[in-house]
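Participant: Chains A and B supply the protein sequences, listed in that same order. Quick note on numbering: the numbering used here labels position 218 of the first sequence as 218, and the sequence is numbered without any gaps. Quick note on numbering: the numbering used here labels position 157 of the second sequence as 157, and the sequence is numbered without any gaps. Cβ atoms here follow ideal geometry from the backbone N, Cα and C, with glycine treated the same way.
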Amino acid sequence: MSALAQPPVANLVQSVDWLAIAPPTLTAVVGLVVLVADLFVPEARKPLLGWVSVAGLAAAALLLLPLLGHDRSTFCLTGATRACSYTADRFTLVVQFLVLGGALLTALLSITTLKDGNRRYPQGEFWFLLLSSAAGAALLPASRDLATLIVALEVASLPAFALVGIRHGDKRSSEAALKFFLSSVTATAVSLMGVSFVYATTGSLYLTQVADRIQHVDGQLHTLAQTGVVLTLVGFAFKTAAVPFHFWVPDTYVGAPLPVAAYLSVVGKAVGFSGLILVTVVAFPSYADVWGPALAALAALTMTVGNVAALRQQATRAYSAVRLLAWSSVGQAGYLLVPIAAAGYTRDAQKAVGSTVAYALMYAAVNLGAFAVAAAVARTARLNRVSDYRGLYARNPLAALLLAFFLLCLAGLPPGVIGLFAKVTVFSVAVDSGLGWLAVVMAVNVVIALYYYLQWAALLFRAPEGEPARHRLPAPLTAALALTGTLGVVLSGAPQLVLRFAGTGLF
Amino acid sequence: MIDISESVMQFLLALIVAGPLLGAVAALLPAPPGLRGKSPEQAVLRHGVTVTGAVLVAAIVLALGFDQDHPSRMQATTDISWIPALDVRIHLGIDGISLPLVVLTALLTFLCALYSYFNPPKGPSPKAFVALLLVLESGTLASFAVLDLLLFFLAFETVLIPMYFLIARWGGEGRTRAAWKFILFTLLGSVVMLLGLLLIGIKAGTFDMVALATDNGRSLTSSVQVIAVLAIGIGLAVKTPMWPLHSWLPDAHTAAPTVGSVLLAGVMLKMGTYGFVRILLPVAPDGFRTFAPYLAAFAVVGIIYGSLACLNLAKKGAKGDLKRLIAYSSVGHMGFVLLGIATMTPTGVNGALFANIAHGLITGLLFFLVGGLKDRTGTTDLDALAEETGAALYGKAPRLGGLLAFAAVASLGLPGLAGFWGEMLALFGAFEPAAGLSRPAFLTFMAIAAFGTLLTAAYMLAVVRRVCMGALPQDMPELADVRTYEFAAWTPLVVLTVVAGLWPKALLGLTDPAVQQLLAGGTR
């Protein structure tokens, strides 16, 4: 920060801007505190740990406020060339807000799940893992060198494996965790290999330096650099659940505790797409002709496979509601990828990826809302089939109206105005950059997706089978529903709140 | 006619668009004390009548305050920035083209609410019914009042969900399938339309319809115009509907409840044709000129196809459904509207707009009458109704029979009634199409379309013969004649049909200057 003012000897020591790194650091510290406190808190008081975690996440999100307005960088090289490992610019802050907010809502959902779980969940470990994963996910958008990126990716992923398999004595849960673990580790390994190729050709790990030097790669090393670029993308594409790296999604979501599935669908995706944006737009802009078409094909494939699979879900199968949400999240990942792919075709790449961020903010709010309703329904209907939602309106009118609203937001039809305009921004980026075919593919997908979203929404208002049994929602679930519902409604009235990120550069 | 200050006009227009939406929210909440009525059902249906009535009054006052000496000028305009990131502005305004449609929508929705108050829809609670009806009204009114392309798209999409639920929950036989067909067809169309709208907005740098109309396509290359017109045209053509994209319409009409059919035919189809006139004609004239002959050809095929389908349904032993028959006749009537637009001449476009309104009045009335017939006899199947000799409605319920005959004759385009002028002007327009369009081709279209009017007359008269006439059986079953509330709901439509037929200038005087201006490129 004040490298120039220091005496020359101190130049060798990197100064640390503690305020800039406060949000992820605080999250990690609270995680450790909770883990240690777990040893001393009596069993009856364990729910307290959950509220401490919620408070920690809220505080971390509040710490983003003083960072608004100007960019801060820390962990910088102290030599002649300036390159930093950690930058808190607009992009970082927005994605950190998304991650911390998503983790906060997940925590609210988890409190109820842990309470209902009757000691099948180790509480201290659960909160520790959730917070560490959130810390990693919050670190990732700020990382500006490839090593930090990979480390952040791993910090976000490793606790997630454990979270998926955390339920004691549940075979499905541990199987899902193993599947998730094996495929994810492979993807990260491939990414690491890509990073090493890039390092071999450019001799630097800092994104800005890589962007500079990769333009002047020796002719012989050109293929190596290209391979490196593509392989680096794989790890992040995996986290986004892009096809063909999506096969873990349905089984993992079904096997994991419901809040963890919600977490993966929102924060996991945020990790994936923010990594993709950093790597493509910041590190390899000169290789747009390589990653642009690759991501466009990936986007088209992802949305089509996700939506068609969601369409084929049978409403009466066990866990079909979670399965449907899982496949729909794959389809939504396809829409998220469209602006990143379009960034490869346009001169103003930073503006294009702003649409991804805007879409992700909308998606995070409404998808977590849908999961919150699913968690509420799962309390009475253990199997969580789509057919269990029949007549929800008669049992719990507000939850039914909210779920219908969230689903229509995901589908992008009024009254889900924010969903509609988020889709419009994505469409407009695609049209603007000349990716007309991708826009048409997406248009067809929107229609396919409407079918299953609306089918589910219509089911909520059908006459219930048997006597409707009303039951009160616990306070944390109500809070999560109120939060996401308010967000959705407010954003529908004032879409500019999130869409402004689509209008300007983020870096 | 009367002098109303501009700010009041602005408020009225905003109220017309937003009022029903607020009313819809209020309909879902429990009724406040003092407004509870006899039962919750009655209270909410009354709420629907009140809100739509207020909107109708606002629309009438707006029409009275409209400066009829300058119908080509946008009036009661509001222009507020809403989403700067996408350059979306809340830009509202009405001119001579949109004013009649706004009034028609407000009128038809009010009549529907009134009809439902006395004749509650059969199905789940009327609470949701009223809320959906109001959202539908808001979306339709908004699409006629907005002057921003993306806002138009939003309004276009707003009507989908309410209409889906109206068909799927309160409809008749085969409603689930029909509702799905309706929403998937129209959504596919409108998403493609969105791509076209975005293309225009991005290439021209604005989504404002007035600015784009003034620009008259000068800042768009012809290839952009051609692609945009194709994309937007497909979306609008699905909604209109144009042959061969019409196949959702007969199913939707047959399955929808009476009120749904009336609104679907009366106002929602007009959103498609209105889009053609408001967006495509002025914004991308070159692209439109490329497709105009094809549009006219499809329109003419639609006229003949619709008439033949109706003739087939009206045959003895064909088990023709009356609602389905009227739906097919709509395909034919909208064919005339599209033909008028495709000529790109003031005469043709004025005819199209006139036919639009006339179709809304007459077909709305027809669906009301058939709904009333279904309430009494329990069927809309022509064969079941007519039995051996004919349903003899003249004998059993003379007033109902008389009204049905009146609506049928109006629909076939009898001079002196509303249906005549629009179709005749559309044919006139085709006689001399705009410069750059092939005259021989349009003369052929005109001849075929004129033949179509004969076919229309044939099937409409067949319907009248089979439903209204016939031998009166001895042991005549009792059939209630037109009830008071039905008179109240139907009389305005009958009166307006006659007035528009005898005094077409009232409507043409409003549309003509605005059309002239649109075709001339916003400046004249």
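Per the contact definition of three or more C-beta pairs closer than 8 Å, is the stretch 108-117 of chain B in contact with the stretch 47-58 of chain B?
Facilitator: Judged by Cβ distances under 8 Å, the stretch 47-58 of chain B makes contact with the stretch 108-117 of chain B, as three or more pairs qualify.
Participant: Between which two residues does the beta strand (DSSP E) harbouring residue 75/A extend?
Facilitator: The sequence position of residue 75/A within the first sequence is 75, counting from 1. Run containing residue 75/A: 72-76, per the beta strand (DSSP E) assignment.
Participant: Looking at C-beta atoms only, is the number of pairs between the stretch 201-216 of chain A and the stretch 82-94 of chain A that lie closer than 8 Å three or more?
Facilitator: Touching, yes, given that three or more Cβ pairs across the two stretches are closer than 8 Å.
Participant: Output the boundary residues of the beta strand (DSSP E) element that contains residue 86/A.
Facilitator: Indexing the first sequence from 1 puts residue 86/A at position 86. Element bounds for residue 86/A: 84-88.
Participant: Please name the residue in 367/B, 229/B and 135/B whose C-alpha comes closest to that of residue 250/B.
Facilitator: By 1-based counting over the second sequence, the position of residue 250/B is 250. The candidate whose alpha carbon is nearest that of residue 250/B is 367/B.
Participant: Where are the alpha helix (DSSP H) runs, 4 residues long or more, that stay fully inside the stretch 129-200 of chain B, in chain order?
Facilitator: If we require 4 residues or more, the alpha helix (DSSP H) runs fully inside the stretch 129-200 of chain B come out as 149-158 and 160-170.
Participant: Look at the alpha carbon of residue 75/A and the alpha carbon of residue 18/A, and state the distance between them as a whole number of angstroms.
Facilitator: Indexing the first sequence from 1 puts residue 75/A at position 75. Indexing the first sequence from 1 puts residue 18/A at position 18. Those two C-alpha atoms are separated by around 10 Å.
Participant: Less than 7 Å separating the Cβ of residue 205/A from some heavy atom of the ligand HEM?
Facilitator: Looking at this structure, you won't find the ligand HEM or any other ligand, since it has none at all.
Participant: Is DSSP giving residue 248/A helix, strand or coil here?
Facilitator: Locating residue 248/A in the first sequence gives position 248, where the first residue counts as 1. Note: residue 248/A maps to coil in three-state DSSP.
Participant: For residue 286/A, I'd like the list of residues in its chain whose CB is within less than 8 Å of its CB, leaving aside the five on either flank, ordered along the chain.
Facilitator: Here residue 286/A refers to the residue found at position 286 of the first sequence. Same-chain partners within the cutoff: 211, 214 and 215.
Participant: Residue 121/B to residue 483/B, Cα distance in whole Å?
Facilitator: Walking along the second sequence from the start, residue 121/B turns up at place 121. Walking along the second sequence from the start, residue 483/B turns up at place 483. The straight-line gap from Cα to Cα measures roughly 17 Å.
Participant: Would you tell me roughly how many angstroms separate the C-alpha atoms of residue 4/A and residue 16/A, rounded to the nearest one?
Facilitator: Along the first sequence, read from residue 1 onward, the residue named residue 4/A stands at position 4. Along the first sequence, read from residue 1 onward, the residue named residue 16/A stands at position 16. In this predicted model, residue 4/A has a pLDDT of only 48, less than 50, meaning its place in the structure is not dependable enough to derive any value.
Participant: Could you pull the DSSP bridge partners for residue 206/A from this structure?
Facilitator: The residue you call residue 206/A lines up with position 206 of the first sequence. DSSP lists 145/A as partners of residue 206/A.
Participant: Among the residues of its own chain, which have a CB less than 6 Å from the CB of residue 159/A, if the five just before and after it don't count?
Facilitator: For the purposes of this step, residue 159/A is taken as residue 159 along the first sequence, with counting starting at 1. Within the same chain, residue 159/A has close Cβ partners 129, 132 and 133.
Participant: Using beta-carbon positions only, say whether residue 124/B and residue 169/B come within less than 8 Å of one another.
Facilitator: Indexing the second sequence from 1 puts residue 124/B at position 124. Indexing the second sequence from 1 puts residue 169/B at position 169. Contact flag set, yes.
Participant: Please tell me whether residue 102/B and residue 131/B are closer than 8 Å, where the distance is taken between their beta carbons.
Facilitator: Taking the first residue of the second sequence as position 1, residue 102/B is located at position 102. Taking the first residue of the second sequence as position 1, residue 131/B is located at position 131. For residue 102/B and residue 131/B, no; Cβs fall outside 8 Å.
Participant: From the DSSP output, in three-state form, read off residue 39/A for me.
Facilitator: Here residue 39/A refers to the residue found at position 39 of the first sequence. Helix.
Participant: For residue 502/A, which residues in the same chain have their Cβ closer than 7 Å to its Cβ, ignoring the five residues on either side in sequence?
Facilitator: As a working mapping, residue 502/A is identified with position 502 in the first sequence. Correct list, in chain order: 354, 355, 358 and 425.
Participant: Report all residues from its chain with a CB closer than 7 Å to the CB of residue 149/A; omit the five preceding and five following residues, and keep chain order.
Facilitator: Mapped onto the first sequence, residue 149/A falls at position 149. Correct list, in chain order: 140, 143, 275 and 278.
Participant: Would you call the stretch 215-224 of chain B and the stretch 261-275 of chain B in contact, with 3 or more CB pairs under 8 Å?
Facilitator: The answer is no - the stretch 261-275 of chain B does not touch the stretch 215-224 of chain B, with fewer than three Cβ pairs under 8 Å.
Participant: Cα separation between residue 310/B and residue 469/A?
Facilitator: Here residue 310/B refers to the residue found at position 310 of the second sequence. Here residue 469/A refers to the residue found at position 469 of the first sequence. Approximately 51 Å between the Cα atoms of the pair.
Participant: Give the range of the beta strand (DSSP E) segment to which residue 218/B is assigned.
Facilitator: In the second sequence, counting from the first residue as 1, residue 218/B sits at position 218. Taken as a continuous stretch (DSSP letters only), residue 218/B belongs to no beta strand (DSSP E), as it is neither H nor E.
Participant: Pair every Cβ in the stretch 194-212 of chain B with every Cβ in the stretch 174-184 of chain B, then say whether three or more of these pairs are closer than 8 Å.
Facilitator: Taking 8 Å as the limit for Cβ pairs, the verdict is that the stretch 174-184 of chain B does not touch the stretch 194-212 of chain B.
Participant: Go ahead and label residue 36/B buried or exposed: buried means 16 or more other beta carbons lie within 10 angstroms of its beta carbon, across all protein chains shown.
Facilitator: Here residue 36/B corresponds to residue number 36 of the second sequence, with the count starting at 1. It is exposed - the Cβ of residue 36/B has fewer than 16 other Cβ atoms within 10 Å.
Participant: What in chain A is Cβ-close to residue 326/B, meaning under 7 Å?
Facilitator: Taking the second sequence and counting its residues from 1, the one referred to as residue 326/B is at position 326. Per Cβ cutoff of 7 Å: no residues; residue 326/B is ~27 Å from chain A at best.
Participant: Reducing DSSP to helix, strand and coil, say where residue 113/A ends up.
Facilitator: Mapped onto the first sequence, residue 113/A falls at position 113. Residue 113/A falls in the helix class under three-state DSSP.
Participant: Would residue 456/B and residue 320/B be called neighbours here (beta carbons separated by less than 8 Å)?
Facilitator: Against the second sequence, residue 456/B aligns to sequence position 456. Against the second sequence, residue 320/B aligns to sequence position 320. Not a contact, by the Cβ cut-off of 8 Å.
Participant: Are the stretch 253-265 of chain A and the stretch 305-323 of chain A in contact at 8 Å, needing three or more beta carbon pairs?
Facilitator: The answer is yes - the stretch 305-323 of chain A touches the stretch 253-265 of chain A, with three or more Cβ pairs under 8 Å.
Participant: With a 10 Å radius around its C-beta and 16 neighbouring C-beta atoms as the bar for buried, classify residue 127/B as buried or exposed.
Facilitator: Mapped onto the second sequence, residue 127/B falls at position 127. It counts as buried.
Participant: Hey, residue 232/A and residue 272/A are a contact pair by Cβ (cut 8 Å); roughly how many whole angstroms apart?
Facilitator: In the first sequence, the residue the question calls residue 232/A occupies position 232. In the first sequence, the residue the question calls residue 272/A occupies position 272. That pair is no contact at about 13 Å.
Participant: What is the DSSP secondary structure of residue 166/A, counted as helix, strand or coil?
Facilitator: Numbered from its first residue, the first sequence carries residue 166/A at position 166. If DSSP states are grouped into helix, strand and coil, residue 166/A belongs with coil.
Participant: Are the beta-carbon atoms belonging to residue 525/B and residue 92/B less than 8 Å from one another?
Facilitator: Because chain B is modelled from 1 through 524, residue 525/B falls outside the range shown and cannot be assessed.
Participant: Anything in chain B within Cβ reach of residue 421/A, meaning under 7 Å, just list it in chain order.
Facilitator: Counting from one through the first sequence, the residue named residue 421/A turns up at place 421. Result: 83 and 86.
Participant: Leaving out the 5 sequence neighbours to the left and right, which residues in its chain are closer than 8 Å to residue 461/B when beta-carbon positions are compared?
Facilitator: For the purposes of this step, residue 461/B is taken as the residue at position 461 of the second sequence. Here the set comprises 408 and 412.
Participant: Could you spell out where the beta strand (DSSP E) holding residue 92/B opens and where it closes?
Facilitator: Locating residue 92/B in the second sequence gives position 92, counting from the first residue. Run containing residue 92/B: 88-94, per the beta strand (DSSP E) assignment.
Participant: Which runs of the alpha helix (DSSP H) fall wholly inside the stretch 227-304 of chain B and span at least 4 residues, in chain order?
Facilitator: Here the runs fully enclosed are 248-255, 258-263 and 269-275.
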